[in-house]
Amino acid sequence: ADVNASDNAGRTPLMEASHGGPWKEGTAVSIIDLLVKNNASVDIFTASAIGNANIIGDLLKQSKDTINDVDQNGQTVLYHAARNNHFNAVKLLIENGADVNKPCTDGQTPLYTATLHLLSNQMDPDLVRYLISRGAPHDFHTTVALGDYDSVSENLSRDKSLANMRLRGFTPADYSIHCWHYDILQLLLESGADPNSKDDMGRSLISKCGNNEGFANLLVEYGAKW
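First residue of the sequence shown? That's 4 in my numbering, and the numbers climb one at a time after it.
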């Protein structure tokens with residue numbers, strides 16, 4: 004079998020193994036090791052995706068010219084590291100000149116993908132905070148996802164419309180439920196968040212509570228319909 008074979012989108016087995024998803028909780032380390040041992044090709048993008056700081060360091064010693072380039076899918080080196088929750092790789096890349104705010108061709112930034120993965124509990128919140136500390140501008144949804152109660156409260160005191168603002172189809176309440184921030188969900192509801200809102204795929208807030216009766220009961224208390 005060709006360990007470097009790619010699908011129509013250019014994704015190799017190594018790239019697929021590097022990312023967590025519904026079928027696996029995180030990076031498939033044993034599969035990555037097996038592929039690398041069998042001569043899977045590793046460039047700066049792949050090294051960042053698998054979080055191998057040693058390979059990244061060696062490649063950067065040879066040249067830093069590609070550190071802000073995009074691959075054939077329009078994704079940056081830093082995006083790959085952030086998307087796959089590789090904190091050390093993210094720090095190494097930024098310290099060597101990776102642009103924390105350079106978007107992929109579809110507009111996604113390293114911070115956006117890192118925040119999105121907080122929703123599935125597959126991201127270190129400190130990685131998100133680090134990107135912000137290095138100059139990545141963050142929005143209200145990111146503040147909610149991080150569970151920063153004081154900042155959420157301060158923002159809502161200035162503008163209660165934020166409670167129903169959508170980002171790529173999701174409200175702040177969606178983010179608070181996915182990240183299990185009960186106190187922030189309550190604060191959003193107190194500030195006028197619609198308990199019956201649905202995302203762009205038609206899923207209600209209460210349907211996302213799973214078996215967590217506390218969150219579901221809170222939504223019902225504020226008028227959510229089953």
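Here a beta-carbon is modelled for each residue, glycine too, at the ideal position from N, C-alpha and C.
- Here the region 72 to 79 makes contact with the region 101 to 116; the two share three or more CB pairs at distances below 8 Å.
- Here the alpha carbon of residue 156 sits roughly 22 Å from the alpha carbon of residue 172.
- If you compare the alpha carbons of 192, 15 and 131 with that of residue 91, the shortest gap goes to 131.
- Pairing residue 225 with residue 117, the inter-Cα distance amounts to about 31 Å.
- Contact between the region 161 to 168 and the region 186 to 199 is established, with three or more Cβ pairs separated by less than 8 Å.
- Residue 63 sits in a helix when the DSSP states are folded into three classes.
- Contact holds between the region 47 to 58 and the region 82 to 100, because three or more Cβ pairs, one in each stretch, are under 8 Å apart.
- One Cα belongs to residue 58, the other to residue 50, and the distance between them is close to 6 Å.
- Counting other Cβ atoms within 10 Å of its Cβ, residue 8 stays below 16 and is therefore classed as exposed.
- Under the three-state reduction of DSSP output, residue 118 falls in the helix class.
- For the set 67, 45 and 124, the Cα lying nearest the Cα of residue 179 is the one of 124.
- The shortest CA-to-CA distance from residue 205 to any of 184, 222 and 177 is the one to 177.
- Between residue 119 and residue 142 a beta carbon distance of about 12 Å is seen, past the 8 Å cut, so the two are scored as non-contacting.
- In the DSSP secondary-structure assignment, residue 222 is not bridged to any residue.
- Under the three-state reduction of DSSP output, residue 201 falls in the strand class.
- Rounded to the nearest angstrom, the Cβ distance from residue 154 to residue 146 is 5 Å, consistent with a contact under 8 Å.
- Inclusion of residue 200 and residue 190 in the CB contact set at 9 Å is not warranted, their separation being larger than that value.
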